[in-house]
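2 protein chains.
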Amino acid sequence: MAQSDTVDRILNAAEELFADRGFSETSLRMITSKAKVNLAAVNYHFGSKNALIHAVFARFLTPFSATLEKAFDELESKCGDKPATLDQTLSALTESAIRMPQRNEKGISIFMRLLGLAYTQSQGHLRKFLEQQYGKTFNRFMRLLKEATPQLSAVDRYWRIQFMLGATAFTMSSSDALRGILENKLGVETTVQEIAARLVPFLAAGMQAKDAMLVSTAGDNTSVA
Amino acid sequence: MAQSDTVDRILNAAEELFADRGFSETSLRMITSKAKVNLAAVNYHFGSKNALIHAVFARFLTPFSATLEKAFDELESKCGDKPATLDQTLSALTESAIRMPQRNEKGISIFMRLLGLAYTQSQGHLRKFLEQQYGKTFNRFMRLLKEATPQLSAVDRYWRIQFMLGATAFTMSSSDALRGILENKLGVETTVQEIAARLVPFLAAGMQAKDAMLVSTAGDNTSVA
DNA sequence: TTGCCTCTCAAACGTATGTTTCAAACAGGC
DNA sequence: GCCTGTTTGAAACATACGTTTGAGAGGCAA
Chain A
299 MAQSDTVDRI
309 LNAAEELFAD
319 RGFSETSLRM
329 ITSKAKVNLA
339 AVNYHFGSKN
349 ALIHAVFARF
359 LTPFSATLEK
369 AFDELESKCG
379 DKPATLDQTL
389 SALTESAIRM
399 PQRNEKGISI
409 FMRLLGLAYT
419 QSQGHLRKFL
429 EQQYGKTFNR
439 FMRLLKEATP
449 QLSAVDRYWR
459 IQFMLGATAF
469 TMSSSDALRG
479 ILENKLGVET
489 TVQEIAARLV
499 PFLAAGMQAK
509 DAMLVSTAGD
519 NTSVA
Chain B
299 MAQSDTVDRI
309 LNAAEELFAD
319 RGFSETSLRM
329 ITSKAKVNLA
339 AVNYHFGSKN
349 ALIHAVFARF
359 LTPFSATLEK
369 AFDELESKCG
379 DKPATLDQTL
389 SALTESAIRM
399 PQRNEKGISI
409 FMRLLGLAYT
419 QSQGHLRKFL
429 EQQYGKTFNR
439 FMRLLKEATP
449 QLSAVDRYWR
459 IQFMLGATAF
469 TMSSSDALRG
479 ILENKLGVET
489 TVQEIAARLV
499 PFLAAGMQAK
509 DAMLVSTAGD
519 NTSVA
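First to last, the protein sequences are chains A and B. In short: position in the first sequence from 1, add 298, done, that's our numbering. In short: position in the second sequence from 1, add 298, done, that's our numbering.
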């Protein structure tokens with residue numbers, strides 16, 4: 299009983315503190331005092347701070363990538379040999395995220411912020427870990443995106459995927475702060491589910507925008523459907 | 299001669315290292331050794347590490363916000379009492395950024411990445427500094443965006459602006475790396491100007507996307523006007 | 001020259017970090 | 001009971017950090 303209890307308490311505390319303050323700004327002493335365990339417990343159970351970071355991600359990402367693979371399986375079998383649409387592909391992603399069993403009400407938002415930090419904050423070891431652990435699923439998602447946007451040139455698709463990733467990672471990485479601002483300014487509360495529901499149509503519209511490469515400053519319209 | 303030389307070398311080194319590694323991950327010793335100046339020079343000339351961070355931002359943002367204010371002046375006088383379009387507003391921004399005199403070829407991309415870090419990394423002091431220093435210009439930009447998208451609710455507009463900022467900051471921040479990948483994979487060269495030209499229609503399409511809020515996963519919807 | 005002010009330099013300071021150590025407490029099988 | 005392997009605890013370790021100190025170098029006016 300002692301073992302798993304300590305490990306979980308460390309993971310819970312670390313997850314929350316990392317999401318709040320980033321990785322380098324969170325010390326092991328903050329984590330262990332929040333978790334009410336001894337300082338040495340982290341190195342005893344995980345080996346190092348970096349390994350703890352990996353464990354925090356693995357605890358969420360391993361079941362999530364399994365769920366996502368299943369969702370992709372269903373999507374592909376449902377579509378037969380037709381390619382899935384862009385909306386279907388993006389929705390498979392967001393719905394898998396939302397349906398994950400959550401430890402508490404903040405579960406998703408904490409983890410979205412962590413993912414954003416992982417992408418933004420240049421932690422070499424983390425990126426390597428995520429890539430070799432979950433790269434396969436990520437590449438499958440990219441393939442689906444490609445099949446869903448056959449009208450785009452490879453170059454256009456490449457850049458627009460970067461735009462999508464940017465909007466997502468950036469928003470999620472600061473979503474707590476943004477939500478706070480929104481509540482103060484407009485008096486509205488927003489859940490992560492709602493943000494995702496707003497993000498998907500934004501991204502889908504952007505991905506399918508008509509090219510306006512030749513329109514420069516002086517000119518006028520960019521036709522958008 | 300000694301003075302300005304040291305100050306500039308510190309600023310140049312700090313700018314590059316911050317963009318590469320983030321603020322907390324960059325030590326004063328890294329900065330001073332890259333700049334080939336004494337460690338104490340930072341505290342002598344700037345007072346503290348935080349003040350150095352502010353100075354790095356101010357060196358770029360102060361002339362940029364002046365350029366931007368001028369661009370907005372021209373835009374508003376050109377449009378008379380009609381509101382400027384979304385494309386015009388976004389283009390005023392990107393063109394002002396592109397036209398800024400740059401210290402070197404990496405100028406823009408480095409600074410875009412810094413802006414992204416400032417937003418993502420929870421450095422309270424930085425956010426306060428930027429807000430009180432350049433909040434006026436930022437609010438003017440927000441007002442233009444508001445007038446350019448009267449069809450959006452305040453909440454929708456708020457989130458979509460966050461998505462735009464994310465896509466922009468994220469893409470620009472790593473545009474050097476992304477450009478390299480693109481050249482290797484597809485054999486195409488891309489300039490920052492071309493990326494901006496691709497980004498603007500993507501953003502404009504996203505901003506003007508039809509809402510799909512009622513498409514929800516399981517049961518409940520999230521009512522937001 | 002002398003005096004003054006600005007700037008540089010090497011060294012040190014105090015603090016916080018990740019990690020290690022080793023003894024004590026605890027569990028379960030014999 | 002005793003023994004064995006696992007887990008906790010308080011303390012210390014080595015290192016890196018931002019910052020401060022005080023001596024001295026250099027330029028410039030009187």
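Using N, Cα and C, we set each Cβ at its ideal position, and we do this for glycine too. This one's a predicted model, so the numbers in the text were calculated from it and none came from an experiment.
(request) Report yes if the C-beta distance between TYR417/A and ALA467/A is below 8 angstroms; otherwise report no. (result) yes
(message) Quick check: the Cα distance between ASP318/A and PHE409/A, rounded to an integer number of angstroms?
(response) 11 angstroms
(message) To the nearest angstrom, how far is the alpha carbon of LEU320/B from that of GLU372/B?
(response) The amino acid at residue 320/B is misidentified as Leu; the sequence shows Gly. Going from the Cα of GLY320/B to the Cα of GLU372/B covers about 36 angstroms.
(request) Tell me, please, whether the CB atom of ILE329/B is closer than 8 angstroms to any CB atom in chain A? (result) no
(request) Rounded to whole angstroms, what's the CA-CA distance from ASP303/A to ALA395/A? Just pull it up for me. (result) 26 angstroms
(request) Determine the contact status of LEU359/A and TYR432/A, defining contact as a CB-CB distance below 8 angstroms. (result) yes
(message) Quick check: the Cα distance between ALA507/B and LEU384/A, rounded to an integer number of angstroms?
(response) 14 angstroms
(request) Give the DSSP-derived three-state secondary structure of ARG307/B in the structure shown. (result) helix
(request) Indicate the three-state DSSP secondary structure (helix, strand or coil) for GLN460/B in the structure shown. (result) helix
(request) Drop a sphere of 10 angstroms on the beta-carbon of ASP454/B, count the other beta-carbons inside from all chains shown, and report buried for 16 or more, exposed for fewer. (result) buried
(request) Could you list the residues in the stretch 448-469 of chain A with a C-beta less than 8 angstroms from some C-beta on chain B, going in chain order? (result) ALA452, VAL453, ASP454, TYR456, TRP457, ARG458, GLN460, PHE461, MET462, LEU463, GLY464, ALA465, THR466, ALA467, PHE468 and THR469
(message) Using a Cβ-Cβ cutoff of less than 8 angstroms, which residues in the same chain neighbour PHE316/A once the five nearest sequence positions on both sides are dropped?
(response) THR324, ILE351, VAL354, LEU412 and LEU415
(message) Need the endpoints of the alpha helix (DSSP H) that LEU442/A sits in, please.
(response) 422-446
(message) Between VAL340/B, LEU326/B, ASN310/B and ALA349/B, which has its C-alpha nearest LYS426/B's C-alpha?
(response) ALA349/B
(message) Which of the three DSSP states is assigned to GLN449/B in this structure?
(response) coil
(message) Can you check which of these residues, HIS343/A, GLU314/A, ASN336/A and LEU366/A, is closest to LYS434/A by C-alpha distance?
(response) LEU366/A
(request) Can you tell me which of the three DSSP states ARG401/A falls into? (result) coil
(request) Tell me whether ALA242/A is buried or exposed, calling it buried when 16 or more other Cβ atoms sit within 10 Å of its Cβ. (result) The structure shown does not extend to residue 242/A, since chain A is modelled only from 299 through 523, so no value can be given for it.
(request) For ALA416/B, go through chain A and note every residue whose CB falls closer than 9 angstroms to its CB, in chain order. (result) Those do not exist, as ALA416/B stays about 11 angstroms from chain A at its closest Cβ, beyond 9 angstroms.
(request) Closer than 7 angstroms by C-beta to ALA446/A: which residues in its own chain qualify, once you throw out the five before and the five after it? Chain order, please. (result) PRO381, ALA382, THR383, LEU384 and THR387
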